[in-house]
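Protein chains in written order, with the numbering used here: chain R, 548 to 1033; chain V, -12 to 1032.
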Amino acid sequence: MNCNDRDFLGLTPADKMALSRRTFLKGSAGGIGLAALGSVLGSAAFAAAPGAAPHFQPKAKRIIYLFQSGAPSQLDLFDPKPAMAAMRGKDLPESIRKGQRLTTMTSGQKNFPVAPTIFNFKQHGQSGAWFSELMPHMASKADEWCVVRSMFTEAINHDPAITFMQTGSQLAGRPSIGAWASYGLGSENKDLPAYVVLSSFGSGRPDDQPLYDRLWGAGFLPTKHQGVKLRNKGERVLYLKDPEGMSREVRRESLDELAALNQRRHDVLGDPEIQTRIAQYEMAFRMQTSVPDLLDLSKEPQHVLDLYGPDVKRPGSYASNCLLARRLCERDVRFVQLFHMGWDHHGGLPKAIKGQCNDTDHATAGLLTDLKQRGLLDDTLIVWGGEFGRTIYSQGSLTETNYGRDHHPRCFTVLMAGAGVKKGTTYGETDDFSYNIVKDGVHVHDLNATILHLMGVEHTRLTYRYQGRDFRLTDIHGEVVKKLLA
Amino acid sequence: MRLSRLSLTAACLLGTLSAAERVQFNRDIRPIFSDTCFACHGPDESKNKGKLRLDTLEAARKGGKSGDPAIVPGKPEQSAVMKRLLTTDPDDHMPPAEFHKVLTAAQVDTVRRWIAEGAEYQGHWAFQEPRKAAVPPIPAGGNAIDGWLGRTLAEKGLAPNPEADRATLLRRAALDLTGLPPSEDDQKAFLADNSPDAWSRALDRLLASPHFGEQMAVQWLDFARYADSNGFQSDTTRTMWPWRDWVIRAYNENKPFDQFTIEQLAGDLLPNPLESQVVATGFNRNHRLNGEGGRIVEEWFVESVIDRLETTGSTWMALTLNCCRCHDHKYDPISQKEFYQLFAYFNSNEESGVLGDFGGAASTRKGGNTPPLLLLADADARQKIAAADAALAEAQAALKNAGPVDARAQVAWEARLLSALAGKAVSWSPLSVRTATSAGGATLTRQPDGSYLAGGKNPANDTYAVNAALPAGKLTGLLLEAFPDASLPGGSLGRFTNGNFVLSDVTVTLVSPDGQRQVLPIADAQADFEQPGYPIKSLVDEAAPAGKGKKATPKTKAGPGWAIAGNVDANKVPRKALFVLPPTTVAAGSTLTVELHQKAIGGHNIGRFRLSTSDQPRAALDLKESPATATLRVLLMKEPSTRTAADRKELARLFLESPDHPRQALQARVNAAMKAKQDASMSGLEVMVMKERATPKDAFVLNRGEYDKPGAKVERKLPAVLPPLPAGEPNNRLGFARWLVNGKHPLTGRVWVNRAWERLFGTGLVKTSENFGSQAEWPSHPELLDWLAVDFVERKWDMKGMLKFIMMSRAYRQSAAVTADKLEKDPENRLISRGPRFRLSAETIRDQALATSGLLIPKIGGPSVKPYMPEAVWDETSVYGDMRNYKADTGEGLYRRSLYTIWKRTAAPPSMLLFDSATREVCTVKRSRSNTPLQALSLLNEVTYIEAARKLAEATLRQPGDLDRRLAWAFRRVTCRELQADEAKVLRAGLEKRLTAFRADLPAAQKLLATGRSPAPSDVDAAELAAWTVTANILLNLDETITRE
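(1) Taking 8 Å as the CB-CB limit, is residue 235 of chain V close to chain R?
(2) Should residue 25 of chain V be flagged as near chain R, meaning a C-beta pair shorter than 8 Å?
(3) Could you tell me the boundaries of the alpha helix (DSSP H) in which residue 153 of chain V lies?
(4) Residue 734 of chain V and residue 113 of chain V - do their beta-carbons sit closer together than 8 Å?
(5) Compute the distance between the beta-carbons of residue 442 of chain V and residue 350 of chain V, then report whether it is under 8 Å.
(6) Whole angstroms are fine: how far does the CA of residue 713 of chain V sit from the CA of residue 192 of chain V?
(7) Identify the contact partners of residue 80 of chain V in chain R, using a Cβ-Cβ distance below 8 Å as the criterion.
(8) Are the CB atoms of residue 982 of chain V and residue 1014 of chain V nearer to each other than 8 Å?
(9) Rounded to the nearest angstrom, what separates residue 305 of chain V and residue 296 of chain V at their Cα positions?
(10) Can you grab the Cα-Cα spacing for the pair residue 965 of chain R / residue 971 of chain R, in whole Å?
(11) Could you have a look at residue 483 of chain V and say whether DSSP puts it in helix, strand or coil?
(12) Select from the stretch 557 to 591 of chain V all residues with a C-beta closer than 8 Å to any C-beta belonging to chain B, and list them in chain order.
(13) Please say whether residue 980 of chain R and residue 643 of chain R have beta carbons closer to each other than 8 Å?
(14) What's the gap between the Cα of residue 332 of chain V and the Cα of residue 302 of chain V?
(15) Does the stretch 713 to 731 of chain R come within contact of the stretch 1014 to 1025 of chain R, defined as at least 3 CB pairs closer than 8 Å?
(16) Using the three-state DSSP reduction, which class does residue 313 of chain V fall into: helix, strand or coil?
(17) Name, please, each residue of chain R whose Cβ falls closer than 7 Å to the Cβ of residue 310 of chain V.
(18) Per DSSP, what kind of secondary structure is residue 573 of chain R in: helix, strand or coil?
(19) Can you check whether the CB of residue 554 of chain V is closer than 8 Å to the CB of residue 352 of chain V?
(20) Report the residues of the stretch 488 to 509 of chain V with a CB closer than 7 Å to any CB of chain R, ordered along the chain.
(21) Going by DSSP, which residues form a beta bridge with residue 391 of chain V?
(22) Any idea if residue 146 of chain V is buried or exposed, counting beta-carbon neighbours within 10 angstroms, 16 or more meaning buried?
(23) Which same chain residues, not among the five before or five after residue 309 of chain V, have their C-beta less than 6 Å away from its C-beta?
(24) With a cut-off of 8 Å, does the C-beta of residue 718 of chain V fall near any C-beta of chain R?
(25) Please confirm if residue 894 of chain R has its CB atom under 8 Å from at least one CB of chain V.
(26) Could you pull out every residue in the same chain whose Cβ sits closer than 6 Å to the Cβ of residue 923 of chain R, ignoring the five residues on either side in sequence?
(27) List the residues that DSSP assigns as beta-bridge partners of residue 974 of chain R.
(28) Does residue 866 of chain R come within less than 8 Å of chain V when only Cβ atoms are used?
(29) Less than 8 Å separating the beta-carbons of residue 1039 of chain V and residue 1031 of chain V?
(30) How many angstroms separate the CA atom of residue 618 of chain R from the CA atom of residue 108 of chain V?
(31) For residue 807 of chain R, which residues in chain V fall below 7 Å Cβ to Cβ?
(32) Checking contacts by CB at 8 Å: is residue 780 of chain V closer than that to chain R?
(33) According to DSSP, simplified to helix, strand and coil, what is residue 566 of chain V?
(34) Would you kindly report the start and end of the unbroken beta strand (DSSP E) that includes residue 1014 of chain V?
(35) How about residue 983 of chain R and residue 957 of chain R: do their beta carbons lie closer than 8 Å?
(36) For the stretch 813 to 826 of chain R, which residues have a beta carbon sitting closer than 9 Å to at least one beta carbon of chain V?
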C-alpha cells in the first residue's frame, strides 16, 4: 500500500489534485465559500486511500493504551508464586538464572535472595483470575480482563525497552505504534488528530521514569502522524489559545482575510498545497473550540467522576487522564495513549507500589465501567502494561517488610480488555520464580501484531518505504496471538 | 554503465514504457526484482529460497534446486521466472501470496520483454563510476542542466515556464542560500541592475553572505545528529557548539567538499592537525551516549560505534548499512562480514561508548562531555585563565604567609565559645580503631581527624567492619559521621557516581575479654538529614534485646536504608546518624565491632566516615552536638593552667579549623580563586573529538548483531562492491575518508549533488535521496545526475560553485505557476516543468519572521540560546538530568537564528518539531514536509510570531505615507512582491474594521501589545498598533510567506 502522502486530514495527492482542479476551474476571485471547501475536505477526510488499512473489518475502532512506565512488578500484582514463600531469602538457583544477563545495578550482588511478595493474592470473578490485594478495583473487573502473564522483551534498560514497546526497535528513529495507526487508518474525527497522548507523574516514585518525544514520535513517517500531547503542565495543547487581547471575532475575521489572500494566490499559481493550507487553518480554528470542549470536565456528573476515584479532580493525574481518554474515545479519536510514570522500584518496593496502585487501580477500573455503560467497550481496545518485568530476587537487602526488584526482561504481565479480546482469560505461564516463561510466550512484536490485528490491520502489510526498506512496526517478526482473541 | 545509450524518457516516472523502447535492467527490471524477488532470491544467501538467486545472470541461468534455468535469455517461454509469474496455481505462483507483493500485468510484461530482448543485466547504476555524456542542445540563456531537462520536457510535450519576476527570484535565492529574506538594499540593487550578469552577481552576493554558512549548516546538523544534550533517559547537557560553529565557518569559507569530509571523519589523523581539524571530528561524537543506571558498557559501546558507521554511510553514501548488522544485506551486495570490517574503522576511538564515570568528567545525571576531549581556548579565554592563575597564586601565598598561630585571636575565640558552650552535657568519644576493613575489597585509609576514607575498588554492595578497643564503663549510643571528600564523586559523601550512599544495616557487636559476644540491637536512630524514602528509622531493629552472639531478628524496616541525596550540591556537607543502643556495661578489655552494611543499591557505599560512642543516658542522646564540639567544651571548661600540652595543642588545632581563625578567610579566598580558575577554564571549552587508540581495538562479526555474541575476528576492509582502497593509503579512518572523496567513488559525488538539487528543487533527481542502494528510485534524469556529479569533482568539490551553477540554470529561474495541464502531466514537478515551490523549513519560517520584523539578532555562532518555549517544556515528562526548569533568555537569546536554539533531544523545541525538523536522536538525511493544523496554531498564536507581528506593525507605522502605502510596504517586506489591488482591498477592509474594534476596547489592544519581552512603543496609538499587529499576523501566516516560490 502506499498512502505515504496522506495528510493530516487523510487527503492523498490524488484527493488534493481533484480538489484543486475543482476550485481551480471555478477560479473564484478574492474569496471562497469556506463552508463549501469544508464540505469537500470533510468528506475526503473519511475516504480511505486505495489500498489503505483497514485490511479487514476491525474489532476495535479505537484503542486506549494505558502505559505503565518504569515496569510494574508482575510478582506483586498479577503473577502469584506461592512456592516462593518457602524460598524466602535463599539464593536464586543458577538452574533458573542460567547465566542470563543482569543490569549492572545488581550484577555485582554477592547473592540474589528470593523475595516473595508480601501482598496477598486472591482469585476473582467467574474466571478466577488472580490479582493481588493492591489492585482491588481492577480485580473487580476480573471477567473483563485478558491477563497475559507471558510477555517478554529483549531490552534490559528503560530507555531501549520502552522504545522497543512503542516502536519495535530499541534504538531511536522508528515510528511509534500510534503513529503507525494514524498513518494506516487516518483520523475519524475532523476536529481532532488521530493519535493523542497524555502523561502523568506517579506518586510511588515521583522522580522516575522520564518519557521522551520519540515514544509518540512519527520516526520516518510524515510528521503529521506524531502523537499530539495533551500536556500535564502549562498549556494543554500547545499554541491553542489566541493571544491575550484577541477576541474570537477578530480571530475569525483575520482567518477569513487570510483565506481570501491564500485563495487569491492559489488562483494565480494553482498549487494544490495552498488549498490544503486553507483547510488546515480552518481545522486549527475548529480545534480551538473542540479541544477546550474536550477538556472541560465540569459537566461530568458526580456519579461518573466517582467511577474514577478522588484523583480525577486533579488535572494531569492518571485518573483525570483516564476520564479524558473516555471523552477522546467518544469523539472517535483512534489512538489514545496514557503514560503513567513511577513504576521503577529498585528499592522500597512495597511502599512505592502501593502509591502507584493508588494512582491507577481505581481509575483504570472506572474507565472500563464507564466505557462499558456507554457501549464503548465493545469497540474500544484497552491495554495495560509496562516495558518489562521485575526480578524475583531482591535488589539490595531483603527484610520482612521491604525489598526492591531489578529490571527483568524475560517475563512480565500485560492486561488487555475490550474490543475483540478474550475476556476473563489468563494466558501464558511462568516458572515458579516468575523468571522464565514455561508456556505460551508473547514477544513484544506479537503483542503489537495483535493490537494492530484488532484494529483491522495486518501487521505485515502496514509498511512504509524508507531508506530502501519496507519498514513495519513489527520489523520482520511478530505473530498475532489468536488465543487472546474472542 | 551505458547511460549514454539510455533513452531519456521519463517513462519510469509515469510507470509506462513505450513499445518501441528497449527494456533496461537498471531502470525497468531492478526495481521490480529488488522489491518483489530479492528478499528470497537476492544477495543474502542465508535467506535464499530454493537455492535460487536472481541478482546475477549466471545464477539465474543456473536456476535453483529444481535445476530449471530461471532465466533463458531470449526465451521467456522457457524461463522458469515467467512460468512462476504467470501460473494460477497458488502453490507455484511468485511472489508467494503471504508477502503481499503483487506484480502488475505491465510489470510482468516488462520482465517478459526484457528476457525476450536478451536478459541483459547491469550492475546497480549507483555503484558504477559516473561519466559525463554529451550534453543535448542547450536552449538560449540556459546551461547544461537545461539541455538535459529540455529534452525530457519536449518528449512530454511540455515547455518550461518563463522566468519568475525578479523580486520572487531574489527571495527564492536568498531563502535557499541564506535562510533569510533579501534585505531591502539587496532588493533595490537587484531590481535596478539591468546588466546581463545581474543574476550572477546577486548569487555571488548571497553566497558571500555570512548567513550562507548558517543556512547550509542546518541540514548538516541533522545528518550529524548534533544536539546540546546526551540523549537517552537522563538526557543531560553536553557542549558541542564549537563543532557547530566549525561547520558554519567551513561552509562560509567554501571549504571544498573533499576537505570538509576528510577533516570531519579523520582530522585527528592528519599529520600535525590544526586545532580546527580536530574539532571537525566532533561530527562522529555527536551521537547519543547512554547514561542510564544499570547499562552494560559493552552493549552501548557497540551501539555507539554502529551509530557512527550508519551515520557515515547515510551521510556520504546514502547507503543503509545497518541492514547488514544482523545479516547479509537483502538488496545490496554488502555482507554482514563487510559491515563489521567497516565497523573496524570506527571502533578504535579512545572512548568508553557510554556516558558516565568511565574516565570522564561527565556524570549520568549532571551531564558534561565524555572523552576524548580537546581543550579549546581563544585569546580571550587564555587571558582569563592566566588572570585566574595569578589570583590563585597570590591567594595561596597569602595563606602560606599567615601562620597557624594567632594567640590574641585564640583567646577571644575561647572566651566567646566558653560562654556559649557552658552547661551542655553530651559527649562523644571517637573509637580507638584497631582495624577497619572492607568486605568487598575497597581500601579504608585513616585520616588525620580519625575518619576513614574509602578508596580503590567500589564494590557493588560493601560492608565495612570497624574493630576498636572500648574503655570500661557504659555504652549507650553510637554516632556515625559521614564527610564529603574531594576524592569522592562530585566531592560528595558517597562512592556511587552520583555521590550518594545507602546504608542498609548496622550491626554492633560487643566482645568481652572472656570472648563473650553480644550483638546490640539498634533501639532507635536519628539523623540530621535523610533523603525522602530512605529514612534513618529503617535501620531500627524491632526485636527485644538480643540473645547472645546472635543478631536480633527479625527487623522491621521502614525503607531500604538511610541515604543522603548526595547527588544534590547543597547536600555535600557532613551528615550524622545516631544509633541508640540498649545501655550496656562494658568490662575493661572489651572490643567493639561495628559493621556498616550497604546492600540496598549497588555501589552506594559510604565514602568517608567516623564512629564514636557515648555513655550518656538515652534521654541525653541527640544530634545537637558533634564530638568536636564536645571535645572543645571539655577543653574550654578546664582551667587554662590545668591544660596539658596535648590539650593546648588540640585547642590550637580546633581554633585553626574554626571559621574564626584569620586563616580561614584566606582559605576562602583561595577556594574562590580556584573556582574562578575553573570557570575560566570552562570558557576555554572542552569539546568531544575523535582520538585513535595507539593499537586498534579488535573487531568481530557480531552474530545477530548482538554485542555479547562475537563471531569471527575481522580486519578493516572496504566492501567489495565499491572501489578498493588505493595503494599507499593508510587502512584507517583517514584512508577511508580520502577514499570517499578521491573522485573515483561512485556514490559520494552523486549523493551530494543530488542533495543540492533536493535543496533547490524540493525533490532530488533521485527522489530517494536517503538511499542510493538497489532499492533507490531510478533517477528522473540519470545523465544529468552523473554529469553534475562528475562536474562537481572537476570543480575540485567547490560547493558554492556547484550551487551557483544549478541556480544559473533557466530551470531554477522559472516561475512556479502551474497549469492544469502541467499538474496532470507533471504532478510532482519531477520533470521541472515549472519553478520549485515548497514550504520553508522550521528554522527558516521563524528566522524570516524575526528578520522581517527587525527582531533578529544576526550574530553568528557561540553557545546555544534559549528563546521562548512553552511552560514546562523540559519538565512535563521528566524530572531527570540537568536540563530542567527551562527559562527563556531575557536578552538577545530570544531573537537569534533558530539553529542556535538549545536542543534537548528527548524534548526538542516543539514548534520546530511541528514543522518537521529532525529530532536529532539519530542521523536524519531527509525531513518530511507536512501541512497541519498544529502548524497553523503555532504561527497564529506562538509568542514569537505575535511579537514579530507587533514589531512589524510598529515598523510599518513608522513608514511615511497613508494607510495604503503602509500596507504595501508591510506586504512587500514580508513577501518581497508588490501588493495587488484586490489583495489590498481585503487587507484594508479588515484593518479598518479592527481599528474600530480596538478603539472601542483599548484594554484588549493593550493586552495584545504586551505579548513578548520587547517593549511596546509609547509614542504609537495602542489601538492602531494592535489593529496593525493583527494584519501583520495575517501576513506572517500567508501560505506565500512560509513558502519559497
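No residue lacks a Cβ here, since even glycine has one placed at the ideal position from N, Cα and C. Here the structure is a predicted model, which is why all the values come from computation and not from measurement.
Considering the structure as presented:
(1) Residue mapping note: residue 235 of chain V aligns to position 248 of the second sequence, counting from 1. With 8 Å as the cut-off, residue 235 of chain V does not count as an interface residue toward chain R.
(2) Sequence index remark: in the second sequence, residue 25 of chain V carries index 38 (1-based). Closer than 8 Å: no.
(3) In the second sequence, counting from the first residue as 1, residue 153 of chain V sits at position 166. Start and end: 153 to 165.
(4) Indexing the second sequence from 1 puts residue 113 of chain V at position 126. Indexing the second sequence from 1 puts residue 734 of chain V at position 747. Contact: yes.
(5) Translated into positions along the second sequence, residue 442 of chain V becomes position 455. Translated into positions along the second sequence, residue 350 of chain V becomes position 363. Taking 8 Å as the Cβ cut-off, residue 442 of chain V and residue 350 of chain V do not qualify as a contacting pair.
(6) Taking the second sequence and counting its residues from 1, one reaches residue 192 of chain V at position 205. Taking the second sequence and counting its residues from 1, one reaches residue 713 of chain V at position 726. Cα-Cα distance, rounded: 40 Å.
(7) By 1-based counting over the second sequence, the position of residue 80 of chain V is 93. Simply none; closest approach about 18 Å.
(8) The count along the second sequence starts at 1 and reaches residue 982 of chain V at position 995. The count along the second sequence starts at 1 and reaches residue 1014 of chain V at position 1027. A contact, by the Cβ cut-off of 8 Å.
(9) Taking the first residue of the second sequence as position 1, residue 305 of chain V is located at position 318. Taking the first residue of the second sequence as position 1, residue 296 of chain V is located at position 309. Whole-angstrom Cα-Cα distance: 12 Å.
(10) Mapped onto the first sequence, residue 965 of chain R falls at position 418. Mapped onto the first sequence, residue 971 of chain R falls at position 424. When only Cα atoms are considered, residue 965 of chain R and residue 971 of chain R end up about 11 Å apart.
(11) What you label residue 483 of chain V is simply residue 496 of the second sequence in a count that begins at 1. Three-state DSSP puts residue 483 of chain V in coil, outside helix and strand.
(12) In the structure shown, chain B cannot be found, because the protein chains are R and V.
(13) Here residue 643 of chain R refers to the residue found at position 96 when the first sequence is read from its first residue. Here residue 980 of chain R refers to the residue found at position 433 when the first sequence is read from its first residue. The beta carbons of residue 643 of chain R and residue 980 of chain R sit closer together than 8 Å.
(14) Here the question's residue 332 of chain V lines up with position 345 in the second sequence. Here the question's residue 302 of chain V lines up with position 315 in the second sequence. Rounded to the nearest whole angstrom, the C-alpha separation of residue 332 of chain V and residue 302 of chain V is 16 Å.
(15) Counting Cβ pairs under 8 Å, three or more are found: they touch.
(16) By 1-based counting over the second sequence, the position of residue 313 of chain V is 326. Coil at residue 313 of chain V, not helix or strand.
(17) Residue mapping note: residue 310 of chain V aligns to position 323 of the second sequence, counting from 1. Within chain R, 1016 have C-beta atoms less than 7 Å from the C-beta of residue 310 of chain V, given in sequence order.
(18) Position 26 of the first sequence, counted from the first residue, corresponds to residue 573 of chain R. Only weak support is given to the placement of residue 573 of chain R: the predicted model assigns it a pLDDT of 37, under 50, and the value that follows is read from those uncertain coordinates. In the structure shown, the three-state DSSP call for residue 573 of chain R is helix.
(19) Looking up residue 352 of chain V in the second sequence gives position 365. Looking up residue 554 of chain V in the second sequence gives position 567. Cβ atoms of residue 352 of chain V and residue 554 of chain V: closer than 8 Å.
(20) Listed in sequence order: 491 and 492.
(21) The residue you call residue 391 of chain V lines up with position 404 of the second sequence. Answer by DSSP bridge pairing: none, since residue 391 of chain V is not bridged.
(22) One-based indexing of the second sequence puts residue 146 of chain V at position 159. By the 10 Å Cβ count, residue 146 of chain V comes out exposed.
(23) For the purposes of this step, residue 309 of chain V is identified with residue 322 of the second sequence, where counting begins at 1. Correct list, in chain order: 297.
(24) For the purposes of this step, residue 718 of chain V is taken as the residue at position 731 of the second sequence. With respect to chain R, the C-beta atom of residue 718 of chain V has no partner C-beta closer than 8 Å.
(25) Position 347 of the first sequence, counted from the start, is the residue given in the question as residue 894 of chain R. Yes, residue 894 of chain R lies at the interface with chain V (some Cβ there is under 8 Å from its Cβ).
(26) By 1-based counting over the first sequence, the position of residue 923 of chain R is 376. Cβ neighbours of residue 923 of chain R beyond the five flanking positions: 876.
(27) One-based indexing of the first sequence puts residue 974 of chain R at position 427. Residue 974 of chain R pairs with R/695.
(28) Counted from its first residue, the first sequence places residue 866 of chain R at position 319. Not an interface residue.
(29) Only positions -12 to 1032 of chain V appear in the structure, and residue 1039 of chain V is not among them; the question remains open.
(30) Counted from its first residue, the first sequence places residue 618 of chain R at position 71. Counted from its first residue, the second sequence places residue 108 of chain V at position 121. If I take the Cα positions, the gap works out to 53 Å.
(31) Locating residue 807 of chain R in the first sequence gives position 260, counting from the first residue. Result: 973.
(32) Reading the second sequence from its first residue, position 793 is the one you call residue 780 of chain V. Not an interface residue.
(33) Position 579 of the second sequence, counted from the first residue, corresponds to residue 566 of chain V. Correct three-state label for residue 566 of chain V: strand.
(34) Here residue 1014 of chain V corresponds to residue number 1027 of the second sequence, with the count starting at 1. For residue 1014 of chain V, no beta strand (DSSP E) segment is defined; the enclosing uninterrupted segment is the alpha helix (DSSP H) at 1009 to 1024.
(35) Here residue 983 of chain R corresponds to residue number 436 of the first sequence, with the count starting at 1. Here residue 957 of chain R corresponds to residue number 410 of the first sequence, with the count starting at 1. Yes; because the gap between Cβ atoms is below 8 Å, this pair is in contact.
(36) Listed by position, the residues of the stretch 813 to 826 of chain R near chain V (Cβ gap below 9 Å) are 813, 815, 816, 817, 818, 819, 820, 821, 823, 824, 825 and 826.
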